[in-house]
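S.K.: Before anything else, here's the structure in question.
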Ligand code: CTP
Ligand code: MG
């Protein structure tokens, strides 16, 4: 029966994130290299029980939202939210009403760690009860604040629960309930809206990991959690060669190195950046530099190779990955690399968006053997290590 039920999700993301501090609204801040909104949308978009995912946003942030949804399946064009969370949810419900689902899940964008188990349980609970919320028993004792700075009494926590999202409903029930409660501003969640319209609300087991990112400290913890998720560690290699030609400098690792020759190539012939780009692309199985930037394409003629490495780093981030290490060995008799090593580390790090401590630059001659030994050109080896979420 469950397969026959159409379930859509509304992800409310129109708030301003006042309590989280910093300039950027919290749903667009990065955690583990991805926006909070993308992390949240992805959890639903990749769940087999979900048909469509609707983001509700502040239209001023349409560009940030567009970047956050690239490549995610089943995500609808965002709709504009309102001045309160309740108004934002209602905007989402009205937008779905032209092609209504049977069930709807309503979720805060600020909860990016929602699990597949919680999503499945929310769907099942809505089917059984019409209105349901994930709930947690309280672990702390609750006190009242009779006057600022003082505490007293407080309710018995046995009879209390803290509730999370996704809250789940029969679509027609919650749409009607929201329409009936327009103008109230004391209803802080959808369970309260359903209840105010006279519907009993069931509880199902919430998840302590499904936190709502609210304060600056929450972001510190979230960053740690996101890094702990990246258990798929991959290393790939890259290799490149360019021949010497008349000139007065070579580009190596994005640094201009004076030399009695230049290097030939379609772009700026930076063997180091090319080898590193291939190594990075290898970690996500995304072909090679020639595939992404064909030498036959005139737009790459004379191009600065920064953009090749930056593109590969962006693809890794879009796959949810983090670059742990970039390593390169330059093979040539001359020029000497040592004097330029630190500048190259810093440049490579800046292009890839990582710390210079994660970049290593080495060099060797080939003892006058082979083409590098005959000073016919320069070769570069590279290795990239990337940490990705484990997805089978
Ligand atoms: N929300 C919304 N529209 C509003 C207010 C809030 O869509 N007018 C969304 C937020 O984007 C968030 C969720 O509702 O995903 C829960 O609200 P909250 O955690 O309070 O987020 P903010 O209101 O953005 O944060 P703050 O209260 O700290 O300003
Ligand atoms: Mg708020």
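Residue numbers (my numbering): 136 to 527.
C-beta atoms are modelled at their ideal positions from N, C-alpha and C, and glycine is treated no differently.
1) Do you know how far the Cα of residue 414 is from the Cα of residue 474?
2) Using a Cβ-Cβ cutoff of less than 8 Å, which residues in the same chain neighbour residue 137 once the five nearest sequence positions on both sides are dropped?
3) What is the residue span of the beta strand (DSSP E) that residue 299 lies within?
4) Check residue 509 in the structure and name its three-state DSSP category.
5) Under three-state DSSP, which class holds residue 490?
6) Quick one, which of 446, 403, 470 and 361 has its alpha-carbon nearest residue 395's?
7) Per DSSP, residue 378 forms a beta bridge with which residues?
8) Would you mind listing the alpha helix (DSSP H) stretches within the region 215-257 that are 4+ residues and don't spill past its ends, in chain order?
9) Flag this pair as touching only if the region 303-322 and the region 227-242 have three or more C-beta atom pairs under 8 Å; answer yes or no.
10) Would residue 168 pass as a contact of residue 452 if the rule is Cβ separation under 8 Å?
11) If you scan the region 392-450 from start to end, which runs of the beta strand (DSSP E) of 3 or more residues do you find wholly inside it?
12) Could you tell me which uninterrupted beta strand (DSSP E) segments, each at least 3 residues in length, are contained entirely in the region 332-390, listed from first to last along the chain?
13) Along the chain, where does the beta strand (DSSP E) containing residue 460 start, and where does it finish?
14) Using beta-carbon positions only, say whether residue 587 and residue 227 come within less than 8 Å of one another.
15) Sort 442, 141, 388 and 424 by Cα distance to residue 481 and report the nearest one.
16) Is residue 150 near ligand 2, in the sense that its beta carbon is under 7 Å from a heavy atom of that ligand?
17) Three or more C-beta pairs under 8 Å: does that hold for the region 279-291 against the region 191-199?
18) Counting only C-beta atoms, is residue 439 closer than 8 Å to chain C at any point?
19) Please report the residue range of the beta strand (DSSP E) in which residue 147 lies.
M.R.: Walking through what the data contain:
1) Approximately 25 Å between the Cα atoms of the pair.
2) Confidence at residue 137 is low in this model, with a pLDDT of 43, below 50, so the placement of that residue should be treated as unreliable; the coordinate-derived value is given next. Only 184, 258, 259 and 262 meet the Cβ criterion.
3) DSSP places residue 299 outside any beta strand (DSSP E), giving it a letter other than H or E.
4) If DSSP states are grouped into helix, strand and coil, residue 509 belongs with coil.
5) Of the three classes helix, strand and coil, the one that applies to residue 490 here is coil, per DSSP.
6) The shortest Cα separation from residue 395 among 446, 403, 470 and 361 belongs to 470.
7) DSSP, once it has assigned bridges, lists 512 as partnering residue 378.
8) As far as the region 215-257 is concerned, its whole alpha helix (DSSP H) runs of at least 4 residues are 220-231.
9) Counting C-beta pairs closer than 8 Å gives three or more between the region 303-322 and the region 227-242, which meets the contact rule.
10) Less than 8 Å separates the beta-carbon of residue 168 from that of residue 452.
11) DSSP assignment within the region 392-450 yields the following whole beta strand (DSSP E) runs of 3 residues or more, N-terminal first: 396-398.
12) The region 332-390 contains these whole beta strand (DSSP E) runs: 337-340, 367-381 and 384-387.
13) Per DSSP, residue 460 belongs to the beta strand (DSSP E) from 457-466.
14) Nothing in the structure corresponds to residue 587, since the chain is present only between 136 and 527.
15) Of the candidates 442, 141, 388 and 424, the one whose C-alpha sits nearest the C-alpha of residue 481 is 388.
16) Remark: the shortest separation between the CB of residue 150 and any heavy atom of ligand 2 falls under 7 Å.
17) They do not touch, by the three-pair rule.
18) Looking at the structure shown, chain C is missing, and only one protein chain is on hand.
19) Note, residue 147: beta strand (DSSP E), 142-148.
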